[in-house]
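Visitor: According to our numbering, the sequence shown is numbered sequentially starting from 15. I have a structure I would like to understand better, so I am pasting it below and will then ask my questions one at a time.
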Amino acid sequence: MREIVLDTETTGFDPQTGDRIVEIGAVELMRHMATGNTYHQYINPERGMPNEAFEIHGLGDDFLRDKPKFAQIGQAFLDFIGDSKLIIHNAAFDIKFLNAELKWMGLPQIPWEQAIDTLAIARKKFPGSPSSLDALCRRYGIDNSSRTLHGALLDSEILAEVYLELIGGKQPDFGLSNRAVPKDGEQITQWTPGPRPTPLPPRITEKEIAAHAEFISKLGGDALWLKS
């Protein structure tokens, strides 16, 4: 059984008011085990990035300007997911955006029944408790320390671990330790959530760095920032 754990990042909350997808990340599972096969794509939204969205995922206009448009990657994305079940946290949000982008391209829509919503599973399993991805990581002791900003691929990798815990899987650490995961006769080992494939550009300017250095120079030799 093949499943795809999926996440997107966007410019906002509603594609019908002009918001677009800027990142897609997905992790392939076979029989509830990670294969190591992933899909990741940054996307030029063909519009400016609102500051509210930038504060969430850190993907700005300069970074996205040379990335492909959705029309250039839409078919490849559909080819990757196929008819596999899509494991998504708050599936209504991601499916709404994906189907809007696909519709604008004239490509087939993703059926709602193809998605499994881990947010709905968590709310049913833990009524009245926080059900965000971070809250579920805390509940299950899953390391999400590298999640300083939202990122579609990293969030998919983390959600893959959360998903197995939610459904009471047979392998508590999701096979992401040193144990081998079979795929077509091969073995994959030590698959773990990692940093973004492409580091984001610095969010502090050269002018701000210089101003900070000047400030530190006035504090004397005992300044905390000068100690290793």
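Glycine residues also receive a C-beta, built at the ideal position from the N, C-alpha and C atoms. Remember, predicted model here, so these are calculated numbers, not experimental data.
#1: What does the alpha-carbon distance come out to for the pair asparagine 113 and serine 159?
#2: Taking the Cβ atom as the reference point for each residue, do isoleucine 18 and serine 98 lie within a distance shorter than 7 Å?
#3: What does a CB cutoff of less than 7 Å around phenylalanine 27 pick up in its chain, not counting 5 residues either side in sequence?
#4: Would you mind giving the Cβ-Cβ distance between isoleucine 73 and valine 36, rounded to the nearest angstrom? I have them listed as a contact below 8 Å.
#5: Using a Cβ-based criterion (distance less than 6 Å to any ligand heavy atom), does isoleucine 181 qualify as near the ligand NAP?
#6: Any idea which residues DSSP pairs isoleucine 172 with across the strands?
#7: What residue range is occupied by the uninterrupted alpha helix (DSSP H) comprising glycine 88?
#8: Going straight from the alpha carbon of leucine 150 to that of threonine 52, what length do you get?
#9: Pick helix, strand or coil for proline 29, following the three-state DSSP scheme.
Guide: With the given structure in hand:
#1: Asparagine 113 and serine 159: Cα-Cα distance of roughly 32 Å.
#2: Cβ atoms of isoleucine 18 and serine 98: closer than 7 Å.
#3: For phenylalanine 27, where only same-chain residues beyond five positions count, the Cβ hits under 7 Å are Asp33.
#4: Per the sequence shown, residue 73 should be read as leucine rather than isoleucine. The Cβ separation is near 5 Å, so the contact holds.
#5: Among the components modelled here there is no ligand, and therefore nothing to report on the ligand NAP.
#6: Bridge partners of isoleucine 172: none, in fact.
#7: Start and end: 84 to 95.
#8: When rounded, the distance between both Cα atoms is 22 Å.
#9: Residue state, collapsed to three classes: helix.
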